[in-house]
Every structure is written in structure tokens, then in C-alpha cells.
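This report refers to the structure that appears directly beneath it.
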Amino acid sequence: KPAGPVSTVKRRLGVMGGTFDPIHHGHLVAASEVAARFHLDEVVFVPTGQPWQKSQRDVTPAEDRYLMTVIATAENPQFSVSRIDIDRGGATYTTDTLRELHALDPDADLFFITGADALGQILTWKNSGELFSLAHFIGVTRPGHVLADPGFPDGGVSLVEVPALAISSTDCRARVAAGDPVWYLVPDGVVRYIDKRALYRGGTPRGGGAP
Ligand code: ATP
Ligand code: MG
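The UniProt record's numbering applies: residue 6 is where the sequence shown begins, and numbers increase by one.
Structure, rendered in C-alpha cells:
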């Protein structure tokens with residue numbers, strides 16, 4: 006039985022991993038810019054499960070981070086959100102994320118988008134060698150961090166300049182805790198969700214190195 010017309014053009018799927026605690030316009034601009042530059046068909050945002058690198062602080066429950074990510078991306082038909090890292094449970098390893106996305110869509114080429122700060126750390130990740138067979142890596146500029154070729158295997162990484170937004174989730178959390186506004190740093194719906202769920206208000210500072 007004929008399998009139907011064979012498409013010669015592979016789907017190009019961007020992957021934006023993050024804690025998204027909360028998601029902010031820095032994440033969204035990076036994804037949008039890379040999508041345009043690399044002619045991506047879609048960018049899937051993948052909120053982490055329990056993130057091993059951040060176990061020194063309490064990370065907001067996965068369902069809240071997932072919902073904020075859905076709210077922030079809902080209006081963009083090119084953006085989607087995946088629960089795979091949340092539903093897998095336990096620590097998130099990007100090799101697991103990429104393997105699972107590949108299994109779900111074996112014909113797609115994967116482009117993993119990462120900020121300058123995280124890019125340099127990738128070689129220290131578990132199974133980092135395997136990462137480069139699973140996806141092409143795209144390092145994006147981020148204010149306060151130097152974007153440098155981390156010495157990945159040949160052709161494994163592209164460096165892209167994106168509009169500079171000096172926004173971090175750490176700063177957003179600190180602002181909410183201090184009663185300062187996060188309007189225009191995060192999407193309006195995320196401001197309202199943070200307020201509705203009273204996130205980041207806790208008496209204990211979050212994400213800082215407070216003694
Ligand atoms: P935190 O302060 O909690 O670490 P964050 O702002 O760094 O939060 P993450 O969820 O850790 O956000 O980041 C997810 C991905 O988005 C990472 O690859 C990170 O480098 C990238 N990223 C985050 N903020 C920006 C930004 N303002 N510009 C470019 N890339 C960014
Ligand atoms: Mg970060």
C-alpha cells in the first residue's frame with residue numbers, strides 16, 4: 006500500500022527548556038527570534054520537572070509553572086507547551102527531553118534554544134555527548150552573559166543575537182516579594198496568575214543566596 010506523498014522537507018521543531026518560574030518576555034523574545042531566523046515550524050516550551058540545578062531553592066509547583074507557560078504562549082500559533090518533563094517526574098535531564106520529543110516526532114529536526122548563561126554549562130551535563138546527536142543547539146545572547154562558542158562538536162551549535170531584555174525569573178520573583186511591579190516584564194496574564202495564586206510572596210527569599 007503506498008504510503009502517500011513523501012515530504013522532502015523535514016519539520017523544524019524548536020525546543021525551549023526552562024524552569025519558567027515565572028516565564029518572562031526574555032524567554033518569549035528568544036523563542037520568537039530563533040523561530041524566525043531558523044525558519045522553525047514550531048517552538049515547544051518544556052517546563053522542567055524538579056530541576057536538579059535549582060534544588061537549593063524551592064521551585065514553584067510544576068502545575069503553576071506549566072499554566073503560566075500556557076498562558077504566556079497561548080496566543081502564538083507557533084508556540085506550544087509540553088508536559089513531558091513534568092509528567093516524567095524526578096530530575097529533568099535534557100537528553101531525556103530530546104529523546105522523548107524525537108520519539109514523539111521522529112521526522113522532525115530538533116533545535117534546542119538556550120541562553121548564553123546555560124550554554125556554557127551544557128558540556129557539564131549528564132550524557133552531554135549524546136545531546137549533539139539529538140539536536141542542533143542555538144545559543145542566544147543574554148544581557149550580563151558572554152555568548153561564546155562552548156567548543157561543541159563540529160557544527161553542533163549556532164550563536165544568535167536576540168533583542169536584549171535584561172529580565173530574569175529570579176528578578177521577577179524578587180520584585181513580587183518586594184511588592185514591586187512585574188508588569189511588562191512578564192505577559193499580562195502571567196502578572197494576573199501570579200497575583201491570583203499569590204506566588205512569590207512568601208516570607209522566605211527565593212532564588213537568592215540569602216544566608
Ligand atoms: P532563573 O533566574 O530562575 O534562573 P531565568 O530567567 O534564567 O530564571 P530559566 O527558566 O532559567 O529563566 O531559563 C530558561 C532558558 O531561557 C535558559 O536557556 C536561559 O538562558 C534563557 N533565558 C532566560 N532569560 C533570558 C533572557 N532575558 N534573554 C535570553 N535568554 C534568556
Ligand atoms: Mg536561569
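No residue lacks a Cβ here, since even glycine has one placed at the ideal position from N, Cα and C.
May I have the straight-line CA-CA distance separating residue i from residue j, to the nearest angstrom?
{"i": "VAL145", "j": "GLY160", "result": "16 Å"}
{"i": "THR24", "j": "GLY149", "result": "19 Å"}
{"i": "VAL64", "j": "THR97", "result": "13 Å"}
{"i": "LEU136", "j": "THR99", "result": "8 Å"}
{"i": "PHE84", "j": "LEU72", "result": "14 Å"}
{"i": "VAL151", "j": "VAL14", "result": "34 Å"}
{"i": "CYS177", "j": "TRP130", "result": "26 Å"}
{"i": "ALA79", "j": "PRO27", "result": "15 Å"}
{"i": "residue 5", "j": "PRO186", "result": "Only positions 6 to 216 of the chain appear in this structure, which leaves residue 5 out of reach."}
{"i": "ASP101", "j": "SER173", "result": "25 Å"}
{"i": "ASP122", "j": "ALA153", "result": "10 Å"}
{"i": "LEU18", "j": "ARG104", "result": "13 Å"}
{"i": "VAL162", "j": "VAL34", "result": "19 Å"}
{"i": "VAL165", "j": "VAL75", "result": "25 Å"}
{"i": "ARG147", "j": "ASP193", "result": "22 Å"}
{"i": "THR175", "j": "HIS29", "result": "11 Å"}
{"i": "LYS201", "j": "ASP69", "result": "11 Å"}
{"i": "ASN81", "j": "PRO155", "result": "31 Å"}
{"i": "LEU190", "j": "GLY120", "result": "17 Å"}
{"i": "ALA140", "j": "VAL51", "result": "15 Å"}
Quick check on residue i: does DSSP put it in helix, strand or coil?
{"i": "SER37", "result": "helix"}
{"i": "ASP114", "result": "strand"}
{"i": "ILE172", "result": "coil"}
{"i": "SER85", "result": "strand"}
{"i": "PHE142", "result": "strand"}
{"i": "LEU72", "result": "helix"}
{"i": "PHE50", "result": "strand"}
{"i": "THR97", "result": "coil"}
{"i": "GLY207", "result": "coil"}
{"i": "GLY160", "result": "coil"}
{"i": "HIS32", "result": "helix"}
{"i": "VAL191", "result": "strand"}
{"i": "VAL14", "result": "coil"}
Spatial neighbours of residue i within its chain, please: C-beta separation below 8 Å, excluding the five flanking residues on both sides.
{"i": "ARG16", "result": "ASP46, GLU47, ASP110, ASP112, ALA113 and ASP114"}
{"i": "PHE157", "result": "ILE127, LEU128, PHE137 and PHE142"}
{"i": "ASN132", "result": "TYR98 and THR100"}
{"i": "ARG42", "result": "VAL165"}
{"i": "HIS44", "result": "ARG17"}
{"i": "residue 267", "result": "Outside the displayed span of the chain (6 to 216) sits residue 267, for which this structure offers no information."}
{"i": "ILE199", "result": "PRO27, MET73, VAL181, VAL187, VAL191 and TYR205"}
Could you give the C-beta distance for residue i and residue j, rounded to a whole number, given that I count them as a contact under 8 Å?
{"i": "SER87", "j": "VAL49", "result": "5 Å"}
{"i": "LEU106", "j": "VAL20", "result": "6 Å"}
{"i": "ALA36", "j": "ILE118", "result": "6 Å"}
Just to check, is the beta-carbon of residue i closer than 7 Å to a non-hydrogen atom of the ligand PLP?
{"i": "ASP122", "result": "You won't find the ligand PLP in this model; what it holds is the ligand ATP and the ligand MG."}
Give me, in chain order, the residues of the same chain whose beta-carbon lies closer than 7 Å to that of residue i; leave out the 5 immediate sequence neighbours on both sides.
{"i": "ALA108", "result": "none"}
{"i": "VAL196", "result": "VAL187 and TRP188"}
What residues in its chain sit with their C-beta under 6 Å from that of residue i, if we drop five residues either side in the sequence?
{"i": "THR53", "result": "THR24, ASP90 and THR97"}
{"i": "ALA77", "result": "ILE28, PRO192 and VAL195"}
{"i": "ALA171", "result": "PRO148"}
{"i": "ALA169", "result": "PRO148"}
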